[in-house]
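Remarks on the structure that follows.
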Amino acid sequence: MESSLFRYVWNETRREQIWILFIILASMPFSFWLLDLPKYIVNGPIQARGFEHPGDTQHYFQIRIPVPAGVKQEGFVELLHGFDLDRVWSLVMLSAAFLALVVINGLFKYYINFYKGRLGERMLGQFRYELMDRVLRFPMSEFRRVKGAEVATMIRDEVEPLGGFIGDAIVQPVFLLGQILTAIVFILVQNPYLGIIALVLLAVQGVVIPRLRRRQLVLGRQRQLESRALAGAVGEIVDGVAFIHTNDASDYARADLASRLVKIFGIRFELYQRKFFVKFLNNLLAQVTPFLFYMVGGFLAIMGTLNIGQLVAVISAYKDLPSPVKDLIDWDQQRLDVEVKYEQIIEQFSVDPAVELLPPPDHDGPVPHIAGELALSNVSVVDGNGSRLLDNVSFRMGVGDAVALEGGSASGAETIVGVLARLDVADGGRVTLGDADLKDLPLAVTGRRISYAGIDTFFPQGTIEEAMLFGIRHTSLPPAAPGRYDVIKSRGNNLDVHAAWVDYAAAGATGPDDLGERMHDAMVTVDLEHDILAFGLNRRIPDMWDEAAERFVEARTILREKLDGGGMTGLVEPFDPEHFNSQSTIAENLIFGTPLDDTFSLRQLGSNPTVRKVLAEHRLDAALFAMGKDIASTILEVFEGLEADSPLFEQLSLMSPEQFPDYQAALKRVGSRSFAGAASGDQAVFLDLAFGYIEPRDRLGLLTDDLELSLLDARHAFYEALGEDQAKIAFYHPDLYNEAASVKDNVLMGRVAFGIAEAESRVSAAVRATIDELGLRPIVFHTGLGFNIGSGGKRLSGAQRQKLAMARALLRRPDLLLVHRGLMQLDPGSQDAIVGRIVAESRGADGRPGFGVLWNLEGDALAHHFDRVVRMENGRIADDSAARHDDEREPMRASA
1 MESSLFRYVW NETRREQIWI LFIILASMPF SFWLLDLPKY IVNGPIQARG
51 FEHPGDTQHY FQIRIPVPAG VKQEGFVELL HGFDLDRVWS LVMLSAAFLA
101 LVVINGLFKY YINFYKGRLG ERMLGQFRYE LMDRVLRFPM SEFRRVKGAE
151 VATMIRDEVE PLGGFIGDAI VQPVFLLGQI LTAIVFILVQ NPYLGIIALV
201 LLAVQGVVIP RLRRRQLVLG RQRQLESRAL AGAVGEIVDG VAFIHTNDAS
251 DYARADLASR LVKIFGIRFE LYQRKFFVKF LNNLLAQVTP FLFYMVGGFL
301 AIMGTLNIGQ LVAVISAYKD LPSPVKDLID WDQQRLDVEV KYEQIIEQFS
351 VDPAVELLPP PDHDGPVPHI AGELALSNVS VVDGNGSRLL DNVSFRMGVG
401 DAVALEGGSA SGAETIVGVL ARLDVADGGR VTLGDADLKD LPLAVTGRRI
451 SYAGIDTFFP QGTIEEAMLF GIRHTSLPPA APGRYDVIKS RGNNLDVHAA
501 WVDYAAAGAT GPDDLGERMH DAMVTVDLEH DILAFGLNRR IPDMWDEAAE
551 RFVEARTILR EKLDGGGMTG LVEPFDPEHF NSQSTIAENL IFGTPLDDTF
601 SLRQLGSNPT VRKVLAEHRL DAALFAMGKD IASTILEVFE GLEADSPLFE
651 QLSLMSPEQF PDYQAALKRV GSRSFAGAAS GDQAVFLDLA FGYIEPRDRL
701 GLLTDDLELS LLDARHAFYE ALGEDQAKIA FYHPDLYNEA ASVKDNVLMG
751 RVAFGIAEAE SRVSAAVRAT IDELGLRPIV FHTGLGFNIG SGGKRLSGAQ
801 RQKLAMARAL LRRPDLLLVH RGLMQLDPGS QDAIVGRIVA ESRGADGRPG
851 FGVLWNLEGD ALAHHFDRVV RMENGRIADD SAARHDDERE PMRASA
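Numbering (full-length UniProt numbering), first residue to last: 1 to 896.
Right, dumping it as structure tokens:
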């Protein structure tokens, strides 16, 4: 990367800088005329110079071009004769000219600032892109010395000042110097003494202020480094919060954080002290000059050597002088500061000369398949501490073979997989794929023809489908909206994130339709299909499947027949508009539908005006308020004093232990008051608590038959009271699909009964059987693919994350699958089944294209699935079972 900021700016923005310099030069004559014109207004029409007698006029706007006397006897060519104006019209015309010059100069400044800002923002985006592009080319060894939070802070925050400076780097000093020189020259022309005074004071400002700011630069660097370290420490705390809690290290983490904050405060406080002192001194020096102008200039005017118009013009000119001077000093300060930041950023994103960056993704055309042999010849790998992870290892396997590696954490098996996946770099020897050296192959080849699944998984924030497609986002087709990213494209990037990136061919698909089938096959292989279906059953079907809604309504009837025929009638209580559903909350019975927005959110229904009005009309508000108070007091009495990890809390669904103090305070505030005497906020608190009550689940004996009948009447009244708000609730109807409810809720159209053993699992099995019977499994599966897995897949279990990572690796049909204990979080039986299916697929089962497998196993329990087992010890090959157990194959060669 370019080490000099100014060279980087000039190389990247030369054309734009030249253009804006031309605009600045073009603006200077207008700036001078703007300074000079007030003199003519004051000396002419205002002081009546040239208008001593009534009727006197002055000639204005005559334009003549000088020519040689031989060409024209007069010595000039007149382009515009001009016209005569009396005193009043002279004042009007000169004032209008002054206003026009103000507008013209304002437009120049607007254009220059707008252009600079646009240029700076464009280069800021480009610089961030270049830094991230460089990070993507770092070998894995570089990531062991950097923290992700620090890199993010540098790219997001520390680079920010560069955006404001890049546009100003060359243009701003020229622009400001032009303004300063224009004003100084004008003052010198009016009176040399006043010009010298201005020059001397400007020189003092230009020398003293930068010297005082040197310490500010040092403090700024320290603040930047400490802030970066703080970001890294916060990132470590967030990433390791589980270990902090399990080791009771939270107080130490707080102490470390407080120490860093105190240190940053000290630096910033000193920085502010110096900053505002310099500002005070700068303002003082700026005001000394007008003082001298008034005194010296007034004296010269009294003596008659300077007229009033000149004095007014000089003071007016100086009025605009402190601002560009201050801006120029600020620019110099910013230059020094930004240069330091730039150098630090370049240093942070630089690698050791001995370390080779990964090649850029510059492969065009079809990506060739890997064929032949995979070979390691005398390969050695040394870690940062000098320990040998691989010691002159030689190893060969056919690209279509299934080979297992065995060995402990320091055996070298993991490193062999890492070298082939380009996660580790060989310090000696040679690694070849077919006839090509691995390090010479573009990432487009190894990244598409070799799949890797390890212990750790990576999933960007998004859905399961997006996580699966991450492995085949290779092909950038033309974007739907050309020109969307012209700013970045003009700097050498022609990639558009909104383009069609999915490489269907890599997955063996021709388009989105059969891609879903390929994802389904991969999920079946890794035993993740049932999890995806479970996610789908608990989600709303996408709009694209709206035409299937009637089939889900049909599924209700079939499910009811299955439940009745299987003796499971009592396991589900259906929704009936004319009956109270005892397995649902009071709120669900009142609304009898699914809210479409937060207006009727079940968590804050007690404060909804429509609900409160209906409850008051049916005299339910006082009853439910009393019920809420009884629930709160009973729960607090039963659970008070229990340990936080007591298993009894698992049976508590109406409130959490963290809410106990809030309800205790509310009960204390209300005391023995009735509903009418309680505050509105306390009324809502206990109404919301009652709304969540389910008698069969909570079993406090608070829901009577009469109360159920009153709530049923209130349900019908609530529907009528909604008016236009009916569109904000998707109501339950036995014959209609509820677009706001999940697939499972739509098929059940009821609630599973509480307190019956295995009721949930038996009903779920019946629902899945019904879905399969109607051929709706593909829709439910696709719906499940839309499940949001959270940042890093944290909404999935560890086993589910490893299965998903393996499915993603299989989706793109690799020529070689590399696995480093990729299923270790699964139980042994599940591991055996999945490994067996994957190895069978690698051998071309079911007509699928075969591929090679190199799997680093945790033990030897799964070794029987593979053609060959290589045992590693201390970075060397200790045993190779191929020669002993497969005499029909050509002997594989391994040496150390």
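Every residue, glycine too, gets a C-beta built ideally from N, C-alpha and C.
Source: prediction; values computed, not measured.
Pair within 8 Å by beta-carbon distance, residue i and residue j
| i | j | result |
| --- | --- | --- |
| Arg274 | Gln216 | yes |
| Ala402 | Ser881 | no |
| Gly220 | Leu261 | no |
| Glu873 | Gly407 | yes |
| Gly536 | Val743 | yes |
| Leu818 | Tyr504 | no |
| Leu162 | Leu131 | no |
| Ile267 | Arg223 | yes |
| Ala769 | Lys562 | yes |
| Gly852 | Asp815 | yes |
| Val381 | Asp435 | no |
Cβ separation of residue i and residue j, assumed to be a contact under 8 Å, to the nearest whole Å
| i | j | result |
| --- | --- | --- |
| Ile729 | Ser584 | Not really, about 15 Å apart at Cβ, beyond 8 Å. |
| Phe718 | Leu590 | 6 Å |
| Ile329 | Ile209 | 5 Å |
| Asp698 | Leu654 | 6 Å |
Residue i - DSSP class collapsed to helix/strand/coil
| i | result |
| --- | --- |
| Ile65 | strand |
| Leu80 | strand |
| His245 | helix |
| Ile18 | helix |
| Ser672 | coil |
| Gly852 | strand |
| Gly429 | strand |
| Phe459 | coil |
| Asn378 | strand |
| Val367 | coil |
| His733 | coil |
| Ile180 | helix |
| Met824 | coil |
| Thr783 | helix |
Buried versus exposed, by CB contacts within 10 Å (16 or more), residue i
| i | result |
| --- | --- |
| Met397 | buried |
| Ala676 | exposed |
| Val379 | buried |
| His865 | buried |
| Asp682 | buried |
| Thr704 | exposed |
| Asp598 | exposed |
| Leu191 | According to the sequence displayed, residue 191 carries Asn and not Leu. Label assigned to Asn191: buried. |
| Glu12 | buried |
| Arg812 | buried |
| residue 897 | Residue 897 is absent from the model: the chain starts at 1 and stops at 896. |
| residue 899 | Examination of residue 899 is not possible in this model, given that the chain is present from 1 through 896 alone. |
Euclidean distance between Cα positions of residue i and residue j
| i | j | result |
| --- | --- | --- |
| Phe459 | Asp745 | 29 Å |
| Ala413 | Glu160 | 44 Å |
| Leu469 | Gly120 | 35 Å |
| Arg808 | Phe265 | 47 Å |
| Gly516 | Asp621 | 51 Å |
| Arg128 | Lys116 | 18 Å |
| Val42 | Val296 | 20 Å |
| His81 | Leu35 | 25 Å |
| Gln664 | Val614 | 28 Å |
| Ile756 | Gly566 | 15 Å |
| Ser95 | Arg87 | 12 Å |
| Gly570 | Arg556 | 15 Å |
| Val767 | His530 | 13 Å |
| Pro368 | Ile838 | 23 Å |
| Gln17 | Lys109 | 15 Å |
| Pro322 | Asn283 | 9 Å |
| His53 | Ile23 | 44 Å |
| Ala444 | His474 | 8 Å |
| Ile541 | Arg762 | 23 Å |
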